[in-house]
Amino acid sequence: MPTSPSLRERTAEAADPVSPGSANAADGRRRRRPERAALLRRIGLRVLALAVLLGLWQLVTALQLWSPVLVPSPAAVWQALLETSGTHDGVRGYQGHTLIEHLGISLRRILIGAGAGVVAGLVLGVLMGTLPWVRVVLEPAVAFLRTLPPLAYFSLLIIWFGIDEAPKLWLLAIAAMPPVAVATASAVASAPTALVEAARAIGARRGQVVTSVVLPSALPEILVGVRLAFGIAYSSVVAAETVNGLPGIGGLIRDAQRYNQSDTVVLGLFAIGISGLLIDAALRLLSDRLAPWRSHA
Numbered sequence: 026m027p028t029s030p031s032l033r034e035r036t037a038e039a040a041d042p043v044s045p046g047s048a049n050a051a052d053g054r055r056r057r058r059p060e061r062a063a064l065l066r067r068i069g070l071r072v073l074a075l076a077v078l079l080g081l082w083q084l085v086t087a088l089q090l091w092s093p094v095l096v097p098s099p100a101a102v103w104q105a106l107l108e109t110s111g112t113h114d115g116v117r118g119y120q121g122h123t124l125i126e127h128l129g130i131s132l133r134r135i136l137i138g139a140g141a142g143v144v145a146g147l148v149l150g151v152l153m154g155t156l157p158w159v160r161v162v163l164e165p166a167v168a169f170l171r172t173l174p175p176l177a178y179f180s181l182l183i184i185w186f187g188i189d190e191a192p193k194l195w196l197l198a199i200a201a202m203p204p205v206a207v208a209t210a211s212a213v214a215s216a217p218t219a220l221v222e223a224a225r226a227i228g229a230r231r232g233q234v235v236t237s238v239v240l241p242s243a244l245p246e247i248l249v250g251v252r253l254a255f256g257i258a259y260s261s262v263v264a265a266e267t268v269n270g271l272p273g274i275g276g277l278i279r280d281a282q283r284y285n286q287s288d289t290v291v292l293g294l295f296a297i298g299i300s301g302l303l304i305d306a307a308l309r310l311l312s313d314r315l316a317p318w319r320s321h322a
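Basically this note's numbering = 1-based index in the sequence shown + 25.
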């Protein structure tokens, strides 16, 4: 019985103008050259924009338009990076942990909490997309959770689970679940009718139709929902670590804010932003690998 992998392979080959089986490989190489040039231009523009922003930041601090407590200089942030990345004057990092350790603990929380939320959202989304009565029952609850800011229910989670790891993980899971559920339900419900009917015509069961036809066609939209979920979870990590968050990058930011250590606060923001960009880039690469027909569309 034909299966969806063969369908996906044929789709990817048809969408890829320079597939390995193409008879015109030379044309393919010529087409890739402008793509490389465009990539280099984008990288150059981004580097230039970053340099301009750093220059403006240095100019503002050099002119002393604001107090260094309010706007620390790039040099002060760099010094904070050096101090929190090793041992200085007998003090190791910040509150006994280096910056990498704080960031790693937060990333572990995001991986566990948001990962659980993504799995739950995927299951709910498939059920909502394939069973109309499940969508009628669960869609209002999912939409309700999607509109709630994390701090709105974090206090309740602390009452239920205490101040250790459990409320943080629950917060990240609840924040990450709705976007995946919504994206999955929408993508599954809009799966190509012709492919679904063809699979049923050759005797495929409901489960086979879902796993072999519906989910592969919905994969690009699902991965977009996963990217959104991890972004929301990352933006929620500071809220998750407001209580007993040390060690952790959000706890570092909150603790430094209490003592007006704005250079350390800015350093923590940079650590979150840069690592978040790397995570998003990894998810985009995963999306291109798992759904290559989308990147060639």
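Even for Gly, the Cβ is constructed at its ideal location relative to N, Cα and C. Values in this document were obtained by computation on a predicted structure and should not be read as measured data.
Simplified DSSP state of residue i, which is helix, strand or coil
{"i": "residue 94", "result": "coil"}
{"i": "residue 267", "result": "coil"}
{"i": "residue 112", "result": "strand"}
{"i": "residue 119", "result": "strand"}
{"i": "residue 316", "result": "coil"}
{"i": "residue 47", "result": "Any reading at residue 47 needs caution, since the residue's pLDDT is 48, under 50, leaving its predicted position unreliable; the model's value is listed next. The answer is coil: DSSP assigns residue 47 none of H, G, I, E or B."}
{"i": "residue 75", "result": "helix"}
{"i": "residue 107", "result": "helix"}
{"i": "residue 129", "result": "helix"}
Any C-beta of chain C under 8 Å from that of residue i
{"i": "residue 274", "result": "Protein chain content of the structure displayed is limited to a single chain, and chain C is not contained in it."}
Check whether residue i and residue j have beta carbons under 8 Å apart
{"i": "residue 206", "j": "residue 238", "result": "no"}
{"i": "residue 79", "j": "residue 99", "result": "yes"}
{"i": "residue 17", "j": "residue 179", "result": "As shown, the chain starts at 26 and ends at 322. That puts residue 17 outside it, with no answer to give."}
{"i": "residue 110", "j": "residue 124", "result": "yes"}
{"i": "residue 159", "j": "residue 170", "result": "no"}
{"i": "residue 281", "j": "residue 198", "result": "no"}
{"i": "residue 134", "j": "residue 224", "result": "no"}
{"i": "residue 269", "j": "residue 188", "result": "yes"}
{"i": "residue 250", "j": "residue 317", "result": "no"}
{"i": "residue 271", "j": "residue 120", "result": "yes"}
{"i": "residue 294", "j": "residue 127", "result": "no"}
{"i": "residue 147", "j": "residue 209", "result": "yes"}
Cβ neighbours of residue i in the same chain (closer than 6 Å, five flanking residues each side left out)
{"i": "residue 267", "result": "279"}
{"i": "residue 192", "result": "182, 183, 186"}
{"i": "residue 301", "result": "259"}
{"i": "residue 130", "result": "272, 273"}
Cβ neighbours of residue i in the same chain (closer than 7 Å, five flanking residues each side left out)
{"i": "residue 97", "result": "287, 288, 291"}
{"i": "residue 217", "result": "242"}
{"i": "residue 213", "result": "150, 151, 154, 155, 239, 243"}
{"i": "residue 161", "result": "none"}
{"i": "residue 234", "result": "221, 224, 225"}
{"i": "residue 137", "result": "194"}
CB-CB length for residue i against residue j, believed under 8 Å
{"i": "residue 200", "j": "residue 175", "result": "5 Å"}
{"i": "residue 246", "j": "residue 211", "result": "7 Å"}
{"i": "residue 315", "j": "residue 248", "result": "7 Å"}
Cβ shell of residue i (< 8 Å), same chain only, five flanking positions each side left out
{"i": "residue 305", "result": "252, 255, 256"}
{"i": "residue 106", "result": "124, 292"}
{"i": "residue 104", "result": "288"}
Completely contained alpha helix (DSSP H) runs for the stretch 215-273, where each covers 4 or more residues: 218-226, 231-234, 240-265
Ranges of the alpha helix (DSSP H) found wholly within the stretch 136-177, counting only runs of at least 4: 157-172
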